[in-house]
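Residue numbers (our numbering), protein chains in the order written: chain A, 2 to 154; chain B, 620 to 1535.
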Amino acid sequence: MRFLLLFSRQGKLRLQKWFTPLTDREKKKVIRDMMMLVLARPPRSCNFLQWRDLKIVYKRYASLYFCAGLEDKDNELLALEVLHRYVELLDKYFGNVCELDIIFNFEKAYFILDEFLMGGEILETSKLAVGVSMEEADTLQETMEEYMSKPAY
Amino acid sequence: MPAVSKGDGMRGLAVFISDIRNCKSKEAEIKRINKELANIRSKFKGDKALDGYSKKKYVCKLLFIFLLGHDIDFGHMEAVNLLSSNKYTEKQIGYLFISVLVNSNSELIRLINNAIKNDLSSRNPTFMCLALHCIANVGSREMAEAFASEIPRILVAGDTMDSVKQSAALCLLRLYKTSPDLVLMGEWTSRVVHLLNDQHMGVVTAAISLITCLSQKNPDEFKTCVSLAVSRLSRIVSSASTDLQDYTYYFVPAPWLSCKLLRLLQCYPPPEDGAVKGRLVECLETILNKAQEPPKSKKVQHSNAKNAILFEAISLIIHYDSEPNLLVRACNQLGQFLQHRETNLRYLALESMCTLASSEFSHEAVKTHIETVINALKTERDVSVRQRAADLLYAMCDRSNAKQIVAEMLSYLETADYSIREEMVLKVAILAEKYAVDYSWYVDTILNLIRIAGDYVSEEVWYRVIQIVINRDDVQGYAAKTVFEVLELVVGRWFGSVLLGRPLVQFNLLHSKFHLCSVPTRALLLSAYIKFINLFPETKATIQEVLRCDSQIRNSDVELQQRAVEYLKLSSIASTDVLATVLEEMPPFPERESSILAKLKKKKGPGAVSVTELDDSKREAGELNGGADRGPDTASTPSPSADLLGIRSAAPVGAAQTNAGSLLVDVFSDSGPAAPSAAVNDDGFLRFVCKNNGVLFENQLLQIGIKSEYRQNLGRMYLFYGNKTSVQFASFSTTVSCPGELQLNVQSKPVEPLVEGGAQIQQVLNIECITDFCDAPLLNIKFRYGGALQNLTLKLPVTINKFFQPTEMSSSDFFQRWKQLSQPQQEAQKIFKANHSMDTEVLKAKLLGLGTALLDNIDPNPENYVCAGVIQTKGQQIGCLLRLEPNAQAQMYRLTLRCSKDTVSKRLCELLAQQF
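Shown next as C-alpha cells:
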C-alpha cells in the first residue's frame, strides 16, 4: 500500500498516511486527485479504480471515505478488508466511532493505524492483539480527574 | 466543549479544534490559527520551562495545524524533547510529530537517532515498537545508515517479544526498500526464512512481507522459503474456520497470511520437488473447490476475504502457466465472476482474465467469454468496469475475432467516456493494424475511428496510417478514394497519385473545403495542390491563382505563407522535369515499430505493455506489411533499425520513435529498404544472413535483439537484452567466444549484472575480420532468474558476407572476371528448391541485403540475377561473383558462386542456399 487517506463527503481531509516518500506538492496533488475521483463516483459503483499506475481502493463508511492507493501486486479485495478492519478497530476503541471522534482524537486515529499497518504492510491482523496494545497504552495515561484539572490553554 | 475525548484527552487541544470547526470562513480559520501559532511560539520561547504535558499539548496542536494544510516551521526541538520523556503518551506524540514533519536538520537528526537508540535498547516492548515505527515512518537513508544493522538482530533474537519482532520485520522491509545496499541479511538469512515457521501468526504475517521482498531481489538465498510456505499454506487451507482463533476473519482462516504466502510463491517457478508441488497443487485445488461451496456467512467481509485468496491463487496459477487443468478451472471460475452480481468481482474477474488471455493454455477458454465481455462494455454502469472490459477485449483479440472486437470497440467509442477515449483510440488503431486481413477493412476502420473520435486521434495514429498506406501501393487507391469521399481529411502525400480524370473538377471540390480546414490540414492541402500541377499541367493556372491570392501568400501563419510562396515559385520557375523530381513519390517507409504502440506504452507508463506484447504485435505487423500475403510490388521491409528502436525509449540508437516529428524526417536518413525477412525460421542465425537487424532470440524470459553495421573489415553489433519478466535477472553476464580457428576478433565490454524486470540493456561488440571464416562466434548468456541459473548459447549472426563491399561493373568486365575464376575449386554450385517467395522484389532485396552489388543487364537471361562484391578481411580482399537462376515453373534455383578463394565460395554457397 502506498497511502491511506480519510476524507469526508465535503472534501475535508481527516487523515493522511504515506508509506513512500513524496514531496508535499506531490502529496497535495494525490489528495486532490483522490477526492475528485472518488467523490465524483456514483453510489454503488465498484470500489476499485485505476489511477496512473496505482490501483485505488475506496469505501465509504457513513460520512467518511477511506481510500487506499495500492501497488500493482497488491490484492484489492484484501485491501478493502484492511479498510474494514481499521474501521472495526476504531469502532472498538471509540465505541461506535463517528467522524467527530477522528477529528478530535486525530492522534489516536494515527496511533491505531500504526498498530495495524507499518510501511504499508499489514502488521497485525488480530483485532484482539491490536486492541490489547491500545489498552495498554491507555493505562499509561492520566486519569479523568487529571484531565479535567488541566488548564484549557 | 465536546465530550469526545478519550484516554489522555488534551483539553486545550479539544477547545482549539472546536474553535476551528466553528469558524465560519476560511479567513476566520486562518486568523484563529495565527493566534494559536503566536501563542505557542511565545510559550516555547518563554522563560518558564514548560512541563511535559504542555509541551505535548502544543506539539499536538502544531501537528493538527499542519494536517489542516498549513506550514509549520518550528516545534521540532520540543517534539524531540518529548522523545526522551518517560511518559508513554508524551513520547508517542513526539514520535508522531517527528514522523509526520520530518526535518533534515542534521543536529536534530542526531538527537532523534539518539532517542531512538535509547528506546531500542530499553527492553520495554512498547517503547521499542514506537522507535521502530518512527524509523519505518521516516524511512530515510540517514535512518537506514543508523539502524539497518541493528534491526535484524532484534528481529531474530530469541528473547524479543512477538510484537517487537513484527515491527522489526516491517521496519527492516521499509529500510530495505529505500536503501537496499545498507540492509545486509547475510548470516541472518536462514533465521529470517524460518520465521515462516513461527508459532505466532502475527509474526509470520509480518515476516512474510519482508521475505517476499527479499526473495524478489535474491531468489537463490531465500529459495528454502518455498517449501516452508507451501506447508504453512497447506496447514491454513485445510484448517477449520475456528482453528486459528483471532486470525480467522469472518469465518475465513487467516486470509492475509494466505494471500501473502501465495504472493511469495509467485516469486518462484513451480517447486521442483514433486512432493512439495503435489501439496501445493492440492492447496490450489482446495481453494478452487471452496469457491463452489455455499458461503459460511452472508457478510460481504466473508466473501471478500474468501475471494481475495481465490484471486491470489489464480494469480499463482497464471504465474506458473504450466498446469492446463488448473488454468482452465481458473478461467471457468473467473467466467462465473464475470456474471456475478457484485460489481467488484466483475471488475476483478475482467482484470485477472486479461493476464489469463496471454497464456497459450487458456487463451481459447478466455475467448469463449467474448459475448459476456462485450456485453459488459455496453451495459456496465461503472466506467472503471467498462475500462477493464475494453482492456480484456484488447487482450483476447486475435485473428479469429478481430473484426467483431474492433467493431464493438468502435461502436463503444461513440459514447465512451472522455477519460478513456484516447486510450481506446490507440487500442483500436493497434488492433486494426495487427489483425488486418484486407486493407480496405483497415482503412475503413481507421477512417471510422477518425470520424468518431477525431479529437482523440493523436498524431502517432495519423503517422502510422500514412506509413502503412505508403508502403502498400494496392491500398493507396482505396485509401485516397475513401478519404476523398469523406473529404474531412486530406493527406497530401499519397493524394496526388490517385486523382485521375477531371482534375480541375476535383481540385475545385477540394478547394471548396479549404477554408474549413485546420492549419496543418491546409498545409497538407497546399502540398497536394503542387502535386496537382505536376500531374495535371492543365490545373496550373488555376492553382497558381489560388496560391497567389492574399489569403495564401500573405497568410498570418508562417508555415502556410512559406508553402504558398515556395510552391508558387516552384511552379512558375521549375521545368516540368525538376518539378517531377521534386514531387516524386515518397519511397516506402522502412518498417518500424508501430509509433502508436509506443504511445500506448508511454501513456500507460513503464511496464504496462510488456515486451512480449510489443514483439507480438511487431511480428503481426510484419505480416501485414510484408508477410505471406505480400503483393508482387512490395519492397517493404519488416525490421531493420526499427525493431529495437522503440522497444525501450532508452534504446540509444537512431531517432526517437516517440517523437512524431522525427518519424517523417528520418525516413530520409535511413538507408532504405534492406532485405525482407524470410518466413519464420527456427534458426535465428540463418535469418540474419541477408539482414542486419531484428530479434535474434526469444523465449519466455529473455528477448535478444541485434542491430549491426559493417564497414570494410570492421563491424559493430549492438545487442539488446530485454527482460520480459517482471522479476530482476541477477548475475547477468555474457561472453563471446570464437570457436576453433575462427578468424574474427570480437571485443566487448561486460554488461550490467542486474537487469530489472521489463528493462532492456545494451551491449556493443566490435568485430574485426582477420581472414575469411566459416564458423560463427558464440554468445553465451548466463543469469539467475527466480533461483534458477539460466544458461544459453547462441550463434551470433556474423557471416562472411557481412564484410562485402559491393562492386559495380560492366557486362564485359563481369564475364572477363567470371572466366578468370574458372578453376574447379573456385566455383561452388547448388541446385535447390525454393523455400520462400520467388517474387522479384523479394529476391532483389535479399541479394542487396547480402552486401553485394546487384548488377542489371549483364546476364542474357533477364530472369537471372547477377551480383558482384569484394570481401574485405584484414589480410586480403576476396573477389566474389554470384549468379542465381530461378526457375519459376519448377520452383527451383541454381546458385553459382565464383570467388578468388575456394573456401569462401563454398561457405557463401552453403549460407545462401538456405535463404531463397
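Idealized CB from N, CA, C, for every residue including glycine. Note that this is a predicted model, so its numbers are computed, not measured.
Measuring only the C-alpha atoms, how far is residue i from residue j?
i	j	result
Leu1108 (chain B)	Thr1140 (chain B)	Below a pLDDT of 50, predicted positions are generally treated as unreliable, and Leu1108 (chain B), at 43, falls in that range; no measurement from the model is reported.
Arg53 (chain A)	Tyr1013 (chain B)	19 Å
Val634 (chain B)	Lys93 (chain A)	25 Å
Ala698 (chain B)	Phe112 (chain A)	16 Å
Val1230 (chain B)	Leu114 (chain A)	Only weak support is given to the placement of Val1230 (chain B): the predicted model assigns it a pLDDT of 35, under 50, and the value that follows is read from those uncertain coordinates. Val1230 (chain B) and Leu114 (chain A): Cα-Cα distance of roughly 39 Å.
Gly1179 (chain B)	Leu1145 (chain B)	A quick correction: the sequence has Leu, not Gly, at residue 1179 (chain B). When rounded, the distance between both Cα atoms is 8 Å.
Asp1470 (chain B)	Tyr1340 (chain B)	Going by the sequence as given, residue 1470 (chain B) is Gly instead of Asp. Cα to Cα, the separation comes out at about 26 Å.
Tyr1404 (chain B)	Arg45 (chain A)	43 Å
Lys643 (chain B)	Gly1377 (chain B)	53 Å
Lys909 (chain B)	Leu880 (chain B)	18 Å
Ile1024 (chain B)	Cys1016 (chain B)	7 Å
Gly1246 (chain B)	Tyr795 (chain B)	Any reading at Gly1246 (chain B) is ruled out, since the residue's pLDDT is 36, under 50, leaving its predicted position unreliable.
Ala1035 (chain B)	Val992 (chain B)	16 Å
Ala1275 (chain B)	Gln1379 (chain B)	Residue placement at Ala1275 (chain B) is poorly supported in this model, since its pLDDT is 34, which falls under 50; the coordinates still yield a value, given next. Between Ala1275 (chain B) and Gln1379 (chain B), the C-alpha separation is close to 16 Å.
Tyr1058 (chain B)	Glu1052 (chain B)	9 Å
Phe1402 (chain B)	Pro1372 (chain B)	8 Å
Lys997 (chain B)	Val1047 (chain B)	16 Å
Could you spell out the range, first to last residue, of the alpha helix (DSSP H) harbouring residue i?
i	result
Ser1190 (chain B)	1177–1192
Cys950 (chain B)	943–957
Phe1351 (chain B)	Where Phe1351 (chain B) is concerned, there is no enclosing alpha helix (DSSP H), although the beta strand (DSSP E) it sits in stretches over 1349–1356.
Leu884 (chain B)	874–884
Leu975 (chain B)	962–975
Tyr62 (chain A)	Not the alpha helix (DSSP H): Tyr62 (chain A) falls in the beta strand (DSSP E), residues 55–62.
Would a check of beta-carbon distances place residue i closer than 8 Å to chain A?
i	result
His1134 (chain B)	no
Gln1448 (chain B)	no
Gln955 (chain B)	no
Gly1341 (chain B)	no
Val1004 (chain B)	yes
Gln785 (chain B)	yes
Trp807 (chain B)	no
Thr824 (chain B)	yes
Ile636 (chain B)	yes
Arg651 (chain B)	no
What residue range does the beta strand (DSSP E) around residue i cover?
i	result
Leu1503 (chain B)	1496–1506
Cys68 (chain A)	65–71
Pro1425 (chain B)	1423–1425
Gln1322 (chain B)	1321–1330
Lys28 (chain A)	It is not in any beta strand (DSSP E) - Lys28 (chain A) instead sits in the alpha helix (DSSP H) that spans 25–40.
Arg1549 (chain B)	Absent from the structure is residue 1549 (chain B), since the part of chain B shown begins at 620 and ends at 1535.
Tyr1340 (chain B)	1333–1342
Lys1452 (chain B)	1446–1452
Using 8 Å as the threshold, is the C-beta distance between residue i and residue j below it?
i	j	result
Glu1446 (chain B)	Ser1524 (chain B)	yes
Ser704 (chain B)	Pro744 (chain B)	no
Leu1032 (chain B)	Ile1071 (chain B)	yes
Tyr672 (chain B)	Ile659 (chain B)	no
Thr1492 (chain B)	Ile1389 (chain B)	yes
Ala104 (chain A)	Arg15 (chain A)	The sequence given here places Ile at residue 104 (chain A); Ala does not occur at that position. Yes; because the gap between Cβ atoms is below 8 Å, this pair is in contact.
Pro889 (chain B)	Ser941 (chain B)	yes
Determine, for residue i, whether the minimum Cβ-Cβ distance to residues of chain B falls below 8 Å.
i	result
Ser64 (chain A)	no
Gly70 (chain A)	no
Leu120 (chain A)	According to the sequence displayed, residue 120 (chain A) carries Gly and not Leu. It does: the Cβ of Gly120 (chain A) has a partner Cβ on chain B nearer than 8 Å.
Leu81 (chain A)	yes
Leu114 (chain A)	no
Leu6 (chain A)	no
Ser9 (chain A)	no
Lys93 (chain A)	no
Arg3 (chain A)	no
Glu125 (chain A)	yes
Strictly under 8 Å for the Cβ-Cβ distance: is residue i near chain E by that measure?
i	result
Lys128 (chain A)	The structure shown contains no chain E; the protein chains it does contain are A and B.
Quick one: which unbroken alpha helix (DSSP H) runs of 4-plus residues sit fully inside the stretch 999–1086 of chain B? Chain order, please. 1002–1015, 1021–1032, 1037–1053, 1058–1072
Which complete beta strand (DSSP E) runs does the stretch 1454–1531 of chain B hold, if anything under 3 residues is left out? 1472–1474, 1484–1491, 1496–1506, 1511–1518
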